[in-house]
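All letters in the sequence shown, in the order written, are residues 1 to 448 by full-length UniProt numbering. Think of the CB as a built atom: it goes at the ideal place given N, C-alpha and C, for glycine as much as any other residue.
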Amino acid sequence: MILAGTSVLAQLRNTLQRHPKRVTAAVAAVLLSGGGGAFAVASLGPDPADLPVRTLTQQVASLADDTPLVELTELQDFALYRSDLSRANDSAEALLQRLGVADPEASAYLRSNEQVRQNLLARGGRLISAEATNDHQLTRLTARWAPDEESSKFQRLVVERQGKGFVTRLETGDLVANQRLAGGTIQSSLFAATDASNIPDSVASQLAEVFNGKIDFRRSLRKNDRFTLVYETLEADGEPLRSGRLLSAEFNNNGSIHQAMWFQEPGTKGAYYGLDGSSLERSYLSAPLAFSRVSSGFAMRFHPIQKTWRAHAGTDFAAPTGTAVRTVADGVVEFAGVQNGYGNVIFVKHPDNNVTVYAHLSRIDVRRGASVAQGTTLGAVGSTGWATGPHLHFEVRVNGKAQDPMTVIGQAQAARPVSAAARASFNRQAAQMRLALESAQQTLASAE
């Protein structure tokens, strides 16, 4: 028995030395079959390491059939395109260099042409596009801009190579309205979220204004609140030139969902409504500035100049000099000029006989007797009169007596809902806006 056992062990040792991989595979198969129901089969054929190896070398004919590849320099001429915005400090050379154009002849022409100097050089914010040859010589330069925020037209300046020189022409085109979807998530503030989503400031301000009666954007925002919106863009030759009106929006604030849509009934100036047809407009705007903070309320305070305690007859809004001041309701300008402590001041009388006062202005944009609609710009924030820094002093006078502006505005009546005659048209538009907002929500979710 001992001799037999010794013989078997010797054979196993020889087998292990000659075929280590095969034996290892067999042992693994046994372990796997006993460990959990799975199994493996070890190969009982010869070990691949013992098989003979032979290398064969054979030439293969070229698929190109000995035809040389085309050199890059033999390609046909091609055009280069680039777009940018003009800057207030642009010279001809700086502008062309930023557009990838290296053309001294074009630079000299831009410097010498009167239309280019008046409408392009040192004019910031204008949409520029350039076409150049593959050796960076200018073929065409186009600048587009709108003459003002209310215009439905745009100006187009074209500089084009013709023969051995350049020609310039100034044209007028129609702005084309289009729609864009956007959305964002609150991390810190509304404007930080809109900036992160590349939403124009003017659209962000409209969003804040529309929901200002529903959401306190200074105190009620929560991290991860979400909003989606549809807004109008005004395009020149297919390029967005400026943003227009906010068309619809949805804001999820701390679990509460608020919706709004712009709708204009025939013969009216248009307003924002909930998608159910309820009006979001009120007879008074929530504040005379689009977005600001209250620095002093309607209460007793220590007067910073007179150094005495006295009643503060209005509400002060802190804002930089030049910030637009708007009338909070329809009315007629009763006074526009200078008054001692108020400095530059405007009084507006409204249909309910209340009077609103806008003081310490840096400029006045309206005249006495002018009719002004809610939201009309009256002037700009300043520090004239008895003011220690730039801010707007705002009052509401009821029957000639100053009342707390925030209380009067908070009690303002809502405008009428959509009329029965316009309801069918409103419902069709609301259905379209629901689909657009849903698309914006899906886009926002997929981006995250």
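For residue i and residue j, I'd like the C-alpha separation in whole angstroms.
i           : j           : result
residue 223 : residue 400 : 44 Å
residue 354 : residue 261 : 29 Å
residue 233 : residue 127 : 14 Å
residue 313 : residue 407 : 13 Å
residue 298 : residue 404 : Here the model assigns residue 298 a pLDDT of 42, short of 50, so the residue's position is not dependable and the matter cannot be decided.
residue 389 : residue 359 : 13 Å
residue 109 : residue 344 : 48 Å
residue 117 : residue 433 : 44 Å
residue 219 : residue 316 : 18 Å
residue 439 : residue 265 : 26 Å
residue 335 : residue 328 : 16 Å
residue 376 : residue 420 : 29 Å
residue 430 : residue 129 : 38 Å
residue 211 : residue 369 : 32 Å
residue 255 : residue 225 : 8 Å
residue 26  : residue 52  : No answer about residue 26 holds up, because its pLDDT of 45 lies below 50 and its placement is not dependable.
residue 121 : residue 84  : 14 Å
residue 178 : residue 385 : 45 Å
residue 245 : residue 322 : 23 Å
residue 193 : residue 113 : 43 Å
residue 241 : residue 148 : 11 Å
residue 152 : residue 173 : 9 Å
residue 424 : residue 78  : 54 Å
Would you say residue i and residue j are within 9 Å of each other, going by their C-beta atoms?
i           : j           : result
residue 437 : residue 230 : yes
residue 96  : residue 88  : no
residue 279 : residue 272 : yes
residue 452 : residue 228 : No statement about residue 452 is possible, as the shown extent of the chain runs from 1 to 448 and does not include it.
residue 215 : residue 251 : yes
residue 285 : residue 325 : no
residue 381 : residue 320 : yes
residue 348 : residue 392 : no
residue 426 : residue 184 : no
residue 373 : residue 330 : yes
residue 119 : residue 162 : no
residue 111 : residue 91  : yes
residue 247 : residue 259 : no
residue 186 : residue 221 : yes
residue 332 : residue 396 : no
residue 145 : residue 169 : no
residue 449 : residue 132 : This structure leaves residue 449 out entirely; the chain is present only between 1 and 448.
residue 217 : residue 189 : yes
On the three-state DSSP scale, how would you describe residue i?
i           : result
residue 407 : helix
residue 374 : coil
residue 449 : The structure shown has nothing for residue 449, since the chain only spans 1 to 448.
residue 318 : strand
residue 178 : strand
residue 439 : helix
residue 84  : strand
residue 206 : helix
residue 112 : helix
residue 266 : coil
residue 189 : coil
residue 288 : coil
residue 367 : coil
residue 240 : strand
residue 137 : coil
residue 246 : strand
residue 131 : strand
residue 279 : strand
residue 340 : helix
If you pair each beta-carbon of the stretch 100 to 118 with each one of the stretch 129 to 148, do three or more pairs fall below 8 Å?
yes
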